[in-house]
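Let me begin by presenting the structure, written as structure tokens, before commenting on it.
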Amino acid sequence: MPSRRSILKSALTGLIVAPFVAPSVTFAKAPFAVVQAPGYYRLKIGSVEVTALSDGTVALPLAKLYTNTSEHDAQNALKDAFLPDMVPTSVNAFLVNTGERLVLIDAGTGGYLGASLGKLVSNIEASGYKVGDIDDVILTHIHTDHSGGLMSNGKRTFPNATLRVNEREAKFWLSSANAMTATGTVKQHFGEADQCVTPYVKAGKFETFADNAAPVPGLGSILSAGHTPGHSAITLESESQKIVFWGDITHGDILQFDEPGVAIEFDIDQKAAVAARNTAFKQAVEGKYLVAGAHIAFPGIGHVREDSKNYDWLPINYA
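The sequence shown lines up with residues 21 to 339 when you count with my numbering.
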């Protein structure tokens, strides 16, 4: 019987080995893929589905914008957290599916604040929903980074949704008298509020809710005035689980946790905003519930705990 070696030798003898020719190498110049994965993150609060949605990020000079501190101290705190001078700042919104209705909390920036933002609609669709599916849009407040996405190309972005806003917030921003006396950036915000909110009013798709009242069945609110006059956190509880959608209780997830007394230029009443933040932190620690921040690094969901300085932010483990 032929050996294994002889069989292999016979087979190799019949092979013709072609000379090696080095391939011609061409490198294609491809553009950088600057877009991350679709910006949504989903979790359950009891029986309710919550989807965090990214509207994008914007680079802000936060150290220059914080007040009740020095720019030098604020910059050092941010650098200690490995953040650059222009801090990438998230703009987040949240979609709540109760099983009975689909509710969007805050509406992003639309086309108002630059190309790095305005991603909300594409991420709603990436998450499996359509803008026409949304029954209600609740605003924590009417600043443009929360209301700018209400309109697209001159039409209501959410054609079937009723827009819901705290009544004192609506009274402030939709007042022509207030708009007339406003100055600077605040005056600009009045004009943008009119452009984005008034079309829903005219369409009969606008309702207000009272302080600490339920905007829709299944969701509550907590008046946290200061950042704006009717700034309200939105609450959700299901099967002994709870999450509070903070809106703009904080800007970022570093400095204001260690120093809750630090305000920001965007606060209309900085003293009241500081008081609201202290209350929100204390309640989150005591209640041990999840919170969701509009300007905390996406998905903006986590817990608050006390530490040796003041408070600490613990992002949800979303790996």
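Where a beta carbon is used, it is the ideal one built from N, C-alpha and C, also for glycine.
Environment of residue i [buried if 16+ CB atoms lie within 10 Å]
i: L334; result: exposed
i: F102; result: exposed
i: D327; result: exposed
i: K139; result: buried
i: T205; result: exposed
i: F52; result: exposed
i: D75; result: buried
For residue j and residue i, the rounded distance between their alpha carbons
i: A283; j: L310; result: 23 Å
i: S67; j: V141; result: 25 Å
i: V236; j: A300; result: 22 Å
i: A202; j: F210; result: 8 Å
i: R62; j: K49; result: 36 Å
i: A304; j: D105; result: 30 Å
i: A213; j: R297; result: 24 Å
i: A314; j: A199; result: 25 Å
i: K84; j: K291; result: 18 Å
i: A219; j: Y331; result: First, the residue type needs correcting, since residue 219 is Pro and not Ala in the sequence shown. Straight-line Cα distance between these residues: approximately 41 Å.
i: N96; j: V151; result: 42 Å
i: L115; j: A181; result: 13 Å
i: L35; j: V55; result: Per-residue confidence for L35 stands at a pLDDT of 44, beneath the threshold of 50, marking its modelled position as unreliable; no derived number is given.
Helix, strand or coil at residue i according to DSSP, with G and I counted as helix
i: G211; result: helix
i: H247; result: coil
i: Y331; result: strand
i: F318; result: coil
i: T218; result: helix
i: V157; result: strand
i: A312; result: strand
i: L170; result: helix
i: E306; result: helix
i: V151; result: helix
i: P240; result: Per the sequence presented here, residue 240 reads as Gly, with Pro not at that position. G240: strand per DSSP, three-state reduction.
i: A283; result: strand
i: I27; result: Note that I27 has pLDDT 41, beneath the 50 cutoff, so the model's placement of it is unreliable and no number is given.
Boundaries of the alpha helix (DSSP H) in which residue i is found, first to last residue
i: L98; result: 91 to 100
i: R121; result: Note, R121: premise wrong, no alpha helix (DSSP H); not H, not E.
i: A79; result: Segment 68 to 80 is the beta strand (DSSP E) holding A79; no alpha helix (DSSP H) there.
i: E145; result: 140 to 146
i: S196; result: 196 to 201
Where the beta strand (DSSP E) containing residue i begins and where it ends
i: F229; result: 226 to 229
i: F265; result: 261 to 267
i: L183; result: 182 to 186
Check: Using 8 Å as the threshold, is the region 126 to 134 in touch with the region 156 to 170, meaning 3 or more CB pairs across them?
Finding: yes
Notebook entry, point to check: Are at least three pairs of beta-carbons, each pair with one atom in the region 269 to 278 and one in the region 183 to 192, less than 8 Å apart?
Noted result: no
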